[in-house]
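Notes for the one structure printed next.
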Amino acid sequence: MPTDFEQRVYRAVQQVPRGRVTTYRLLAAHLRCGSPRAVGQALRRNPYAPRVPCHRVIAADLTPGGFRGETGGSTVKMKLSLLSSEGVRFSHGHLADPRCLYAFET
DNA sequence: CACCGATGTCCAA
DNA sequence: TTGGACATCGGTG
Numbered sequence: 311m312p313t314d315f316e317q318r319v320y321r322a323v324q325q326v327p328r329g330r331v332t333t334y335r336l337l338a339a340h341l342r343c344g345s346p347r348a349v350g351q352a353l354r355r356n357p358y359a360p361r362v363p364c365h366r367v368i369a370a371d372l373t374p375g376g377f378r379g380e381t382g383g384s385t386v387k388m389k390l391s392l393l394s395s396e397g398v399r400f401s402h403g404h405l406a407d408p409r410c411l412y413a414f415e416t
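Using our numbering, you'd call the opening residue of the first sequence number 311 and step up by one each time.
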């Protein structure tokens with residue numbers, strides 16, 4: 311069973327509408343935790359596989375992010391594939407349209 | 001351009 | 001209870 315913090319992260323990710331993406335930084339800021347790494351760890355566990363669209367979460371540089379050291383592996387590829395299916399386009403390894411970024415309100 | 005530390009949470013011994 | 005690790009970010013050299 312996930313912790314309360316993880317539940318918050320998953321809930322925030324589910325708030326991201328289709329065709330839009332967010333960054334660990336924004337998630338952390340919305341969760342008021344100030345540490346994107348904590349959010350990344352929560353997504354890394356991701357016990358709610360398809361229920362939590364972790365592929366809609368990218369790095370603050372608009373890069374796909376993915377595992378630290380496996381950038382270019384299968385995890386990132388899957389993210390790009392799913393995002394591409396949602397209308398989010400990537401270019402040169404970075405988000406092509408920054409307006410696709412979703413900002414949390416309130 | 002490259003390297004290092006900071007920050008919050010989770011997992012294991 | 002303590003130590004180590006993490007799908008990051010920002011600043012400095």
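Just so you know, even glycine gets a beta-carbon here, dropped at the ideal spot from N, CA and C.
Every value quoted in this text rests on a predicted model; they were computed, and no experiment measured them.
For residue j and residue i, the rounded distance between their alpha carbons
i: residue 398; j: residue 406; result: 8 angstroms
i: residue 375; j: residue 340; result: 19 angstroms
i: residue 318; j: residue 338; result: 10 angstroms
i: residue 354; j: residue 402; result: 25 angstroms
Simplified DSSP state of residue i, which is helix, strand or coil
i: residue 372; result: coil
i: residue 386; result: helix
i: residue 398; result: coil
i: residue 367; result: strand
Residue nearest to residue i in terms of C-alpha spacing, selected from the options
i: residue 404; options: 358, 414 and 389; result: 389
i: residue 378; options: 318, 392 and 351; result: 351
i: residue 371; options: 327, 330 and 411; result: 411
In DSSP terms, what residue i is bridged to
i: residue 333; result: 368
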